[in-house]
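The structure under discussion appears below in the form of structure tokens.
Protein chains: 2
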Amino acid sequence: MPTIYDVAKRAGVSAMTVSRVINGKKDVKPETREKVLKAIEELGYVPNSLARSFVLQKTKTIGLVITDITNPFFTTLARGVEDTAMKNQFSVIFCNTDEDPEKEVLYLELLARKRVDGVILASASGKRTPLKSILLRNIPVVLIDREVDGLGDLDIVKGDSIYGAYLLTKHLIDLGHKRIGIIVGSKNISTAEDRVEGYKKALIESGITIDEELIRFAKYSREDGYRVTKELLNLENPPTAIFGGNNFIAVGAMMAIRDCGLRVPEDIALVSFDDIESLSQVYPFFTVVTQPAYSMGVIAAELLIRRIEDKDRVRERRRVILQPELIIRESAGEKLKEEVVG
Amino acid sequence: MPTIYDVAKRAGVSAMTVSRVINGKKDVKPETREKVLKAIEELGYVPNSLARSFVLQKTKTIGLVITDITNPFFTTLARGVEDTAMKNQFSVIFCNTDEDPEKEVLYLELLARKRVDGVILASASGKRTPLKSILLRNIPVVLIDREVDGLGDLDIVKGDSIYGAYLLTKHLIDLGHKRIGIIVGSKNISTAEDRVEGYKKALIESGITIDEELIRFAKYSREDGYRVTKELLNLENPPTAIFGGNNFIAVGAMMAIRDCGLRVPEDIALVSFDDIESLSQVYPFFTVVTQPAYSMGVIAAELLIRRIEDKDRVRERRRVILQPELIIRESAGEKLKEEVVG
DNA sequence: TGCTATATTGTTACTAGTAACGTAGAGAAT
DNA sequence: ATTCTCTACGTTACTAGTAACAATATAGCA
Numbered sequence: 033m034p035t036i037y038d039v040a041k042r043a044g045v046s047a048m049t050v051s052r053v054i055n056g057k058k059d060v061k062p063e064t065r066e067k068v069l070k071a072i073e074e075l076g077y078v079p080n081s082l083a084r085s086f087v088l089q090k091t092k093t094i095g096l097v098i099t100d101i102t103n104p105f106f107t108t109l110a111r112g113v114e115d116t117a118m119k120n121q122f123s124v125i126f127c128n129t130d131e132d133p134e135k136e137v138l139y140l141e142l143l144a145r146k147r148v149d150g151v152i153l154a155s156a157s158g159k160r161t162p163l164k165s166i167l168l169r170n171i172p173v174v175l176i177d178r179e180v181d182g183l184g185d186l187d188i189v190k191g192d193s194i195y196g197a198y199l200l201t202k203h204l205i206d207l208g209h210k211r212i213g214i215i216v217g218s219k220n221i222s223t224a225e226d227r228v229e230g231y232k233k234a235l236i237e238s239g240i241t242i243d244e245e246l247i248r249f250a251k252y253s254r255e256d257g258y259r260v261t262k263e264l265l266n267l268e269n270p271p272t273a274i275f276g277g278n279n280f281i282a283v284g285a286m287m288a289i290r291d292c293g294l295r296v297p298e299d300i301a302l303v304s305f306d307d308i309e310s311l312s313q314v315y316p317f318f319t320v321v322t323q324p325a326y327s328m329g330v331i332a333a334e335l336l337i338r339r340i341e342d343k344d345r346v347r348e349r350r351r352v353i354l355q356p357e358l359i360i361r362e363s364a365g366e367k368l369k370e371e372v373v374g
Numbered sequence: 033m034p035t036i037y038d039v040a041k042r043a044g045v046s047a048m049t050v051s052r053v054i055n056g057k058k059d060v061k062p063e064t065r066e067k068v069l070k071a072i073e074e075l076g077y078v079p080n081s082l083a084r085s086f087v088l089q090k091t092k093t094i095g096l097v098i099t100d101i102t103n104p105f106f107t108t109l110a111r112g113v114e115d116t117a118m119k120n121q122f123s124v125i126f127c128n129t130d131e132d133p134e135k136e137v138l139y140l141e142l143l144a145r146k147r148v149d150g151v152i153l154a155s156a157s158g159k160r161t162p163l164k165s166i167l168l169r170n171i172p173v174v175l176i177d178r179e180v181d182g183l184g185d186l187d188i189v190k191g192d193s194i195y196g197a198y199l200l201t202k203h204l205i206d207l208g209h210k211r212i213g214i215i216v217g218s219k220n221i222s223t224a225e226d227r228v229e230g231y232k233k234a235l236i237e238s239g240i241t242i243d244e245e246l247i248r249f250a251k252y253s254r255e256d257g258y259r260v261t262k263e264l265l266n267l268e269n270p271p272t273a274i275f276g277g278n279n280f281i282a283v284g285a286m287m288a289i290r291d292c293g294l295r296v297p298e299d300i301a302l303v304s305f306d307d308i309e310s311l312s313q314v315y316p317f318f319t320v321v322t323q324p325a326y327s328m329g330v331i332a333a334e335l336l337i338r339r340i341e342d343k344d345r346v347r348e349r350r351r352v353i354l355q356p357e358l359i360i361r362e363s364a365g366e367k368l369k370e371e372v373v374g
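Going line by line, the protein sequences match chains A and B. Residues in the first sequence are numbered from 33 upward in steps of one, following my numbering. Residues in the second sequence are numbered from 33 upward in steps of one, following my numbering.
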């Protein structure tokens with residue numbers, strides 16, 4: 033494990049000169065450069081970026097905290113972050129919180145210890161406290177997908193959940209549905225609240241009374257999608273349509289509906305917020321509202337890297353709200369016959 | 033950004049004592065510990081693991097080099113690695129090579145610079161050279177999913193591609209297919225070669241002549257799945273069944289078949305190596321051979337961490353071959369009528 | 001020839017921790 | 001009283017690089 037000093041000795045120069053060669057600085061005579069390069073080659077020297085980060089006080093690393101890399105939405109988003117980071121010579125440490133605020137604290141603490149240059153966070157808690165050690169250290173943060181209470185001053189990249197949910201609900205209403213169940217993530221997550229807000233807006237606009245019984249805050253997971261859908265189906269007056277608050281919930285709902293011996297869309301309509309690409313390519317079935325996940329990742333990474341590399345930290349905060357898109361496929365079915373309504 | 037010295041000064045002790053407190057070493061009087069803890073709290077001190085890694089010569093970080101986190105197989109595998117790493121206080125740096133050997137070199141070089149404690153590699157090149165700087169430095173490596181030429185002495189965790197491909201091909205043969213097209217990854221990737229080997233074995237065993245025209249090495253991607261499937265369909269004597277070498281290829285094949293106005297399985301059978309969980313849960317359509325991706329990740333991470341933490345590096349190499357499972361669903365269809373055969 | 005400007009290279013100090021060793025003091029054993 | 005042992009803590013040196021400054025060489029020019 034040769035160091036820069038071993039290279040220096042072999043090339044007959046000082047460590048500083050080797051450092052200059054490695055970092056492509058000018059002020060090195062071409063023939064000296066050659067000698068150094070030769071010594072590096074011969075020794076199989078690989079620079080120690082640990083030592084480098086240590087003295088430069090920057091790690092060229094960002095932390096990406098999401099809830100579950102297994103969710104296609106976050107997978108795609110993560111890919112956008114990684115590609116952009118790599119393009120800028122940054123590497124990425126991934127953290128899966130599984131919607132667990134305690135894991136969030138743990139990971140953010142870890143990232144602070146690792147002295148990452150910046151953090152991209154899809155918060156599981158919606159709270160500002162887990163960010164304490166990050167913010168204290170003035171490490172730039174870009175929020176993604178979800179707001180965090182009391183951090184309105186941070187950069188954020190997210191989809192317009194209110195509008196997306198409005199679109200999706202409106203579509204169901206247009207098909208004749210009046211009892212629409214909605215299942216979203218837990219209450220402190222901004223997307224959950226926003227999607228319910230958009231849902232309510234569409235209902236109110238159409239003069240449909242809101243039945244709180246049909247609005248369920250759970251967890252963005254297949255398990256909760258399954259469980260809560262069963263609850264909804266077992267209601268005395270069950271919904272004729274279900275709005276899955278994200279793709280996992282929609283998949284869970286689908287399984288619950290099937291297990292109850294019902295068909296989608298013949299017996300019940302089902303729509304989803306967020307698409308599942310690998311599914312829709314093979315089987316374009318789910319009517320969804322989809323968000324540009326890859327772009328979200330790219331934009332977040334770009335914003336973050338710009339902040340990191342900026343000397344002046346005083347520039348205004350940026351909020352990027354990306355528009356969702358309604359894709360009508362089969363799972364919401366045809367227009368209901370009048371008899372069904374009411 | 034307080035350091036351990038700031039804490040020491042505030043607590044009226046030496047830096048070493050603070051270090052002992054942080055690392056939970058004994059030999060610290062309880063009341064001294066309290067003083068130190070109080071100082072840490074008051075200053076908002078967060079240990080610098082960069083400095084720590086630097087002196088300890090270990091980073092508690094592993095590199096995971098895969099081809100594409102977007103592929104559900106690798107997503108699940110990655111989750112297994114990450115969970116296991118976290119459980120052992122390791123973090124993971126993800127690298128997507130996109131089946132590009134040049135990116136592989138770049139990333140492995142990066143990981144060497146970062147002085148990761150170990151590497152898990154699903155090689156895109158199948159070659160040993162990209163690993164040069166890693167191996168030179170005696171950084172432990174566990175291969176995953178794919179062999180690398182000339183590295184038979186490294187730990188490896190992989191599925192039994194030969195057997196899996198045999199199962200899948202045998203299934204098609206049992207249904208009466210004799211002209212089976214197979215599309216796999218590029219030739220230097222061991223899974224591609226193994227899957228073709230299993231395919232051939234099944235054909236030979238059933239006395240079916242091998243037609244090299246039906247065997248295609250491409251890239252494990254949707255694009256190549258699409259492109260090569262079209263080639264196969266345009267053959268003078270096209271196959272009656274297609275074996276997608278991985279899930280991406282199968283999805284691409286599906287789209288190509290549909291674009292040609294054909295139906296699966298009525299007009300042509302289609303099977304896939306590797307499942308797509310989110311798809312199969314909603315739409316159990318593809319007949320597949322599936323590998324335990326999560327377990328693969330877990331086992332690889334465990335093997336690696338064991339090597340990293342082991343003092344004696346002399347123990348024998350371990351090869352873990354996991355058995356694949358055939359899941360028969362719809363995409364291979366029913367038994368062909370005799371008239372079709374020959 | 002001597003002086004100055006410029007190019008190239010070296011020296012020193014610093015980054016934030018920890019290992020290894022050293023030492024003081026209290027109580028126990030002789 | 002002296003020596004021993006143990007606990008609790010401090011000191012020193014080291015990890016691999018780089019910034020800032022210092023020094024030297026070289027060339028141009030009067």
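A virtual CB, placed ideally from N, CA and C, is assigned to each residue, including glycine.
Examine chain B for any beta-carbon lying closer than 8 angstroms to the beta-carbon of residue i, and answer yes or no.
i	result
A:A325	no
A:V50	no
A:K142	The amino acid at residue 142 of chain A is misidentified as Lys; the sequence shows Leu. Chain B, which has a Cβ nearer than 8 angstroms to the Cβ of A:L142, makes this yes.
A:P104	yes
A:I308	yes
A:F305	no
A:F86	yes
A:P172	no
Cβ of residue i within 8 angstroms of Cβ of residue j?
i	j	result
B:G276	B:S310	no
A:I221	A:R178	yes
A:T108	A:H209	no
B:R349	B:D187	yes
B:K202	B:A224	no
A:A43	A:A83	no
B:G196	B:P356	yes
B:I101	B:F126	yes
At least one CB of chain A closer than 8 angstroms to the CB of residue i: is that the case?
i	result
B:V124	yes
B:F317	yes
B:E341	no
B:S157	no
B:A110	yes
B:V372	With a pLDDT of 46 at B:V372, under the threshold of 50, the predicted position of this residue should be treated as unreliable, and no value is reported.
B:L153	no
B:P356	no
Just grab the DSSP bridge partners of residue i for me.
i	result
A:V320	A:S304, A:I359
B:V352	B:V189
A:N128	A:I98
B:A273	B:I212, B:A301
B:V151	B:G95, B:V173
Return the CA-CA distance between residue i and residue j, expressed in angstroms with no decimal places.
i	j	result
A:T93	B:G150	18 angstroms
B:K190	A:P62	48 angstroms
B:A117	A:Q89	26 angstroms
A:S411	A:L200	Any question about residue 411 of chain A goes unanswered here, given that chain A covers just 33 to 374.
B:Y326	B:V180	21 angstroms
A:V39	A:S157	49 angstroms
B:I215	B:R248	5 angstroms
B:L302	B:G365	9 angstroms
A:I54	A:E73	12 angstroms
B:E131	B:N279	15 angstroms
B:V372	B:R338	Confidence at B:V372 is low in this model, with a pLDDT of 46, below 50, so the placement of that residue is unreliable and no value is reported for it.
B:P324	B:L354	7 angstroms
A:E268	A:D299	16 angstroms
When every heavy atom of the ligand FMN is checked, does at least one fall within less than 7 angstroms of the C-beta of residue i?
i	result
B:I212	Although the ligand FMN was asked about, the structure shown includes no ligands whatsoever.
request  = Could I get the ranges of all uninterrupted beta strand (DSSP E) runs contained in the segment 153-225 of chain A, with 3 residues as the minimum, in chain order?
outcome  = 173-176, 187-191, 212-216
Q: Would you list, in sequence order, the uninterrupted alpha helix (DSSP H) runs of no fewer than 4 residues that lie entirely inside the segment 71-122 of chain A?
A: 81-88, 104-119
Quiz prompt | Minimum length 4: unbroken alpha helix (DSSP H) runs contained in the segment 218-269 of chain A | solution = 222-237, 254-265
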